[in-house]
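First the structure, in the form of structure tokens, and then the observations on it.
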Amino acid sequence: MSPIPGAEEILARYPSKRSALMPLLYAVQDRDGWVTEDGMHEVAEHTGLSPAEVLSVCSFYTMFKREPAGKLIVSVCTSVSCLVNGGPELLDHLRVRYADDPDVTVEEVECLAASDGAPVMQVNYEFHERMTPESAERIVEDYKAGRLVPRTVSGTSREGTP
Amino acid sequence: MTATETRLVTKRLRDRPHDSWTLAAARETGGYEALRKALGMEPPAIAEEVKVSGLRGRGGAGFPTATKWSFLPAGVEPRYLVVNCDEAEPSTFKDRMLVERDPHQLVEGIAIASFALGVHHAFVYVRGEFALGAERLARAVAEARAEGLVGPDMCGSGFDLEIIVHRGAGAYICGEETALLNSLEGERGMPRIRPPFPAIAGLYAKPTVVNNVETISTLPAIIRMGGEAYGALGVERSRGSRIFSLSGNVNRPGNYELELGLTFRQLIDDFGGGLRGPGPVKFLIPGGASSQWLTDEHLDVPLDMDLVTQKYGVMLGSGAVMVYNQDACPVRVALRLAHFFAHESCGKCTPCREGTVWMRKVLYRIEHGEGRDTDLELLLDVGDNISPGLNAPFSQTTICPLGPSAVSCIVSLNKYFRDEVLAHVKEGKCQAA
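Residue numbers (my numbering), protein chains in the order written: chain A, 8 to 169; chain B, 32 to 464.
Next comes the structure, spelled out in structure tokens:
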């Protein structure tokens, strides 16, 4: 197995080895597509923790995927501003559309801090605001085709805002 | 007269919409000049300016920043500054804007605070979902370091400062400062029992100040204009300006930086372009999901942190204001909030772990036509076990405020929409349009 990319630099960043745990989990997830059991063992070796301790931390955080996920993580917000601005309808559409697509994992998420651009989704944690079911699907298809998709910068999705 | 924005913290990102996050834009608009000014001052004099400014934490609790700083014990090294950029309070989106569009202002604020506090290692805990924010902040730190603005011997002052950008991984609870510290130490993000407070034993059990992104981003303006001039703005003990994140059923949702003391009506009408959809305003949730609600009868209440709490039992909290029109169903909104709190409860305290799940289940059956006559009383009973006296979120049987925050919407349903909830139960369906 290849070493964890950037592990030495990550470990050197912190006064305590254990603080490198989450960045190392990200590194193995980026390398393998999800956090495998082997990956957790590697992180345990680097940090001097037991694999059980690594699992206990890994399982606490929703962004660490402990089973294979699609290449595209599509996160749709349905929290209280998106709720009254089409978020649930956006989620329903994408869930049905990509139900059988192993490359696309559609998930319902909590507020993404983009309520001024509701309804909002992220694709691999890049923001896309003021979505319609059609525009959202088009964006996911662009990602699938490897096209460069412009992400939304905070506070710029409404006309007339700088 | 129509009110206008007071752009202190949002000035650069408004003036330079296309490149505000770059070092070039920062330099051309006075970036790092406040830092140089601060480095020419004695550290206690910087803290004094912050004290005179009346600045209070912009993350939610509104604690006076200079007082928080003053709790650090003298002579204990190392000590840490941790900046909380784990913005996840529903409908709050100001810190994301600040970190994406003016990261150099944040870096400058960190450098000023670190020098004032004698901190040589500062950490920024950035919410995991903020990919762009973390990227731009990391770049800003690297650029500033390469230019000698931070890092060893910053600005030639002889003071060393390293800034470490750390990404969270999806857990609302990590916005709570002691949970954040645990997360930063590589633990599950669960809150700690206080005392000891972070100022005494925080990160790695060392003296630690945890401040919000907006709080730290305000420091360059305070140093630039002086604490007295900053403190001349505002009302009562709510001094200066702060960013309000306006969303929901309004025509122009967005972040608006306002002098404190304007009213909810001015925020909604003068900046938000008024209510969208059938009026009048049915209810609004100030301060993020953790606060109790208000209705249209409260629109002329001023944005004053203490007054809204003392008189109306709500919070300005994180600065979020969600507005709902007559089509909105309060039960549906409360169910979504209950779902959020149940999902985000870390599970450490029994009243919160169990109570949030039961509140979700009961609200779910009301929303889906299976409600029982006694359900509202049941919700209040569960809520009372988490927030005694139903003084949510200000009374608690839990270590942190997440549990009692979940009770706020239940109390609000009972206070303002009792008849509508009971009718929802009786008819088995929504009473809103």
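In this text, a Cβ means the ideal position worked out from N, Cα and C, and glycines have one as well.
- For B:R167, the closest Cβ of chain A is not nearer than 7 Å.
- B:G159 and A:M29 have their C-alpha atoms some 10 Å from each other.
- Only residues of its own chain outside the window of five on either side were considered, and among them T37, R270, G271, S272 and E290 have a CB closer than 7 Å to the CB of B:L264, listed in chain order.
- For the stretch 206-219 of chain B, the set of residues with a beta-carbon nearer than 8 Å to any beta-carbon of chain A comprises S214, L215, E216, G217, E218 and R219, in chain order.
- For chain B, the residues of the stretch 125-143 of chain A that bring a beta carbon within less than 8 Å of one of its beta carbons are A125, Q129, N131, Y132, E133 and F134, in chain order.
- Per DSSP, reduced to three states, the secondary structure at B:Y156 is strand.
- CA-to-CA, the gap between A:R102 and B:A92 works out to about 38 Å.
- The beta carbons of B:K313 and B:A359 sit closer together than 7 Å.
- The shortest CA-to-CA distance from A:Y132 to any of B:V157, B:H152, B:F161 and B:V155 is the one to B:F161.
- Interface annotation, A:M47: not in contact with chain B, CB-CB separation never under 7 Å.
- In the assembly as shown, B:L215 is a buried residue. Its beta-carbon has 16 or more other beta-carbons within 10 Å.
- Taken in chain order, the complete beta strand (DSSP E) segments of 3 or more residues contained in the stretch 205-281 of chain B are 239-243 and 272-279.
- The C-alpha of B:L137 lies about 26 Å from the C-alpha of B:G303.
- For the stretch 141-154 of chain B, the set of positions with a beta-carbon nearer than 8 Å to some beta-carbon of chain A reads H152 in chain order.
- Segment contact: the stretch 83-94 of chain A against the stretch 63-71 of chain A, fewer than three CB-CB distances shorter than 8 Å; contact not assigned.
- A:Q129 sits in a strand when the DSSP states are folded into three classes.
- DSSP assignment within the stretch 127-207 of chain B yields the following whole alpha helix (DSSP H) runs of 4 residues or more, N-terminal first: 134-148 and 162-177.
- The Cβ atoms of A:E136 and A:V147 lie no closer than 7 Å to each other.
- Contact between the stretch 275-283 of chain B and the stretch 83-90 of chain B is absent, with fewer than three C-beta pairs closer than 8 Å.
- Comparing alpha-carbon positions, the option among A:F134, A:S164 and A:T139 lying closest to A:I80 turns out to be A:F134.
- If you ignore the 5 residues before and after B:G344, its C-beta comes within less than 7 Å of the C-beta of Q323, all in its own chain and listed in chain order.
- Near chain B, meaning a CB-to-CB distance below 7 Å, the residues of the stretch 62-80 of chain A are S63, V64, F67, Y68, T69, M70 and F71.
- A direct Cα-Cα distance of roughly 8 Å separates A:R25 from B:E218.
- The beta-carbon of A:R38 is placed no less than 7 Å from the nearest beta-carbon of chain B.
- Among the CB atoms of chain A, one or more fall inside 7 Å of the CB of B:R367.
- The beta carbon of A:F71 is closer than 7 Å to those of L32, Q36, V42 and C65 in its chain, skipping five residues each way along the sequence.
- At a cut-off of 7 Å between C-beta atoms, B:M128 counts as an interface residue with respect to chain A.
- For chain B, the residues of the stretch 93-123 of chain A that bring a beta carbon within less than 7 Å of one of its beta carbons are E117, C118, L119, A120, A121, S122 and D123, in chain order.
- Uninterrupted beta strand (DSSP E) stretches at least 3 residues long and entirely within the stretch 418-446 of chain B do not occur.
- As DSSP reads the structure, A:E115 sits in a beta bridge with A:V83.
- Under the three-state reduction of DSSP output, A:V91 falls in the helix class.
- Counting the other CB atoms within 10 Å of its CB gives A:L98 a total of 16 or more, which places it among the buried residues.
- Your pair B:G140 and B:I247 checks out as a contact, with CB atoms roughly 4 Å apart and the cut at 8 Å.
- 7 Å or more divides the Cβ of B:V362 from the Cβ of B:W389.
- Under the Cβ distance rule, B:G279 counts among the residues neighbouring chain A, one pair being separated by less than 7 Å.
- For B:P121, the nearest beta carbon of chain A is closer than 7 Å to its own beta carbon.
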